[in-house]
Amino acid sequence: MRKLSTLTKSTFVTGAAIAAAVGLAASPASAAGTWTVTGGGNFTASASKPTLKDTNTGTTLNCTSSAATGSAPNGTGLSGTGIASIATLSFTGCTGPAGISFTVSAQGLPWHINAGSYNATTGVTTGTLTGVIAKLSGLCNATFADPSGVTTGATLTATYTNSTHTLAITGGNLKAYSVSGICLGLINSNDLAVFNGSYVVNLTTLKITSP
Numbered sequence: 000m001r002k003l004s005t006l007t008k009s010t011f012v013t014g015a016a017i018a019a020a021v022g023l024a025a026s027p028a029s030a031a032g033t034w035t036v037t038g039g040g041n042f043t044a045s046a047s048k049p050t051l052k053d054t055n056t057g058t059t060l061n062c063t064s065s066a067a068t069g070s071a072p073n074g075t076g077l078s079g080t081g082i083a084s085i086a087t088l089s090f091t092g093c094t095g096p097a098g099i100s101f102t103v104s105a106q107g108l109p110w111h112i113n114a115g116s117y118n119a120t121t122g123v124t125t126g127t128l129t130g131v132i133a134k135l136s137g138l139c140n141a142t143f144a145d146p147s148g149v150t151t152g153a154t155l156t157a158t159y160t161n162s163t164h165t166l167a168i169t170g171g172n173l174k175a176y177s178v179s180g181i182c183l184g185l186i187n188s189n190d191l192a193v194f195n196g197s198y199v200v201n202l203t204t205l206k207i208t209s210p
């Protein structure tokens, strides 16, 4: 492993898998309880090359893959709030420049998927993933959570596409806390970050719809 002093600001570790913009307020469809889930149940999902970008320093953190388990119970006349949930989330191959390896752990699970609006033409539901807290451990350590506090889960944008059974998690209002170790200014306490990961769900018949 090369010395950490060789780190540059091009890439860093990841993980966080994590994942938050201020949580899209529930749309009238969500509030009215007009959502339908079919082909649902317990699921597994996987993502290739999720990233977390520190928007203050421009540092991008990378993992080779991420895996999740969760549940999207079938039903009609459902509220969009908590229409599905993430029970477990893991990240593998999380490295920084010079091959420095890190681990990323999801905190405060389950996280909740909330439906806000539905596009019947594209079959895409847009909403949020809430409750996101992720801890980065290694030579550089940090916890990413909501800007209001390290113990408060952040909110990320979530979209689910029926045709590809893909849950995309993007953006966010993640903030770095308790940064310690040899981070060389690539991540600093109070830095803001955005997450990007597309998770393919194993339930190929899972559909979320709303009039």
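Each residue of the sequence shown is one higher than the one before, starting from 0 at the first, in numbering that gives the first Met the number 0. Using N, Cα and C, we set each Cβ at its ideal position, and we do this for glycine too. Predicted model only: the values in this text are computed from it and were never measured.
Buried versus exposed, by CB contacts within 10 Å (16 or more), Ala157: Within the sequence shown, the letter at position 158 stands for residue 157. The residue is buried, with at least 16 neighbouring Cβ atoms inside 10 Å.
CA-to-CA distance, Tyr176 to Asn189, given in whole angstroms: What you label residue 189 is simply residue 190 of the sequence shown in a count that begins at 1. What you label residue 176 is simply residue 177 of the sequence shown in a count that begins at 1. Distance between the alpha carbons of Asn189 and Tyr176 is about 6 angstroms.
Inter-residue Cα distance where the pair is Cys62 and Leu51: For the purposes of this step, residue 62 is taken as the residue at position 63 of the sequence shown. For the purposes of this step, residue 51 is taken as the residue at position 52 of the sequence shown. Answer to the nearest angstrom: the Cα atoms are 9 angstroms apart.
Chain-order list of residues whose beta-carbon lies under 7 angstroms from that of Asn195 (same chain, five-residue window excluded): Within the sequence shown, residue 195 is the residue found at index 196, counting from 1. Same-chain partners within the cutoff: Pro49, Thr50, Thr169.
Cα-Cα separation, Gly76 to Thr35: Taking the sequence shown and counting its residues from 1, one reaches residue 76 at position 77. Taking the sequence shown and counting its residues from 1, one reaches residue 35 at position 36. Each residue's Cα considered, the two are about 6 angstroms apart.
Coarse secondary structure for Asn41, derived from DSSP in three states: Residue numbering aside, residue 41 sits at position 42 when the sequence shown is read from its first letter. In the structure shown, Asn41 sits in a strand (DSSP, three-state: E or B).
The beta strand (DSSP E) enclosing Lys48, as first and last residue numbers: Against the sequence shown, residue 48 aligns to sequence position 49. Careful: Lys48 lies outside any beta strand (DSSP E) and carries neither H nor E.
Nearest to His164 (by Cα), restricted to the options Leu155, Leu205, Thr87: For the purposes of this step, residue 164 is taken as residue 165 along the sequence shown, with counting starting at 1. When each option's Cα is compared against that of His164, the closest is Leu205.
Selection from Leu138, Thr80, Leu155, Asn140 that minimises the alpha carbon distance to Pro146: What you label residue 146 is simply residue 147 of the sequence shown in a count that begins at 1. If you compare the alpha carbons of Leu138, Thr80, Leu155, Asn140 with that of Pro146, the shortest gap goes to Leu155.
Helix, strand or coil at Asn187 [DSSP, three-state]: Counting from one through the sequence shown, the residue named residue 187 turns up at place 188. The answer is coil: DSSP assigns Asn187 none of H, G, I, E or B.
Selection from Gly184, Thr203, Ser47, Ala192 that minimises the alpha carbon distance to Ala144: To locate residue 144, count along the sequence shown from 1; it is residue 145. The candidate whose alpha carbon is nearest that of Ala144 is Ala192.
Counted within 10 angstroms of its Cβ, other Cβ atoms place Asn172 as buried (16 or more) or exposed: The residue given as residue 172 occupies position 173 in the sequence shown. Buried, since its Cβ has 16 or more Cβ neighbours within 10 Å.
Inter-residue Cα distance where the pair is Leu202 and Leu183: Taking the first residue of the sequence shown as position 1, residue 202 is located at position 203. Taking the first residue of the sequence shown as position 1, residue 183 is located at position 184. Roughly 43 angstroms between the two C-alpha positions.
Distance between beta carbons of Ala71 and Ile82, contact taken as under 8 angstroms: As a working mapping, residue 82 is identified with position 83 in the sequence shown. As a working mapping, residue 71 is identified with position 72 in the sequence shown. Cβ atoms of Ile82 and Ala71 come within 8 angstroms of each other, at about 7 angstroms.
Buried/exposed call for Thr33, threshold 16 Cβ in 10 Å: Residue 33 sits at position 34 when you count from the first residue of the sequence shown. The residue in question, Thr33, is buried, as its Cβ has 16 or more Cβ neighbours within 10 Å.
Distance between Thr37 and Thr56 (C-alpha atoms, nearest Å): The residue you call residue 56 lines up with position 57 of the sequence shown. The residue you call residue 37 lines up with position 38 of the sequence shown. Roughly 43 angstroms between the two C-alpha positions.
Bridge-paired residues (DSSP) for Val178: Locating residue 178 in the sequence shown gives position 179, where the first residue counts as 1. Answer is none; Val178 lacks a bridge partner.
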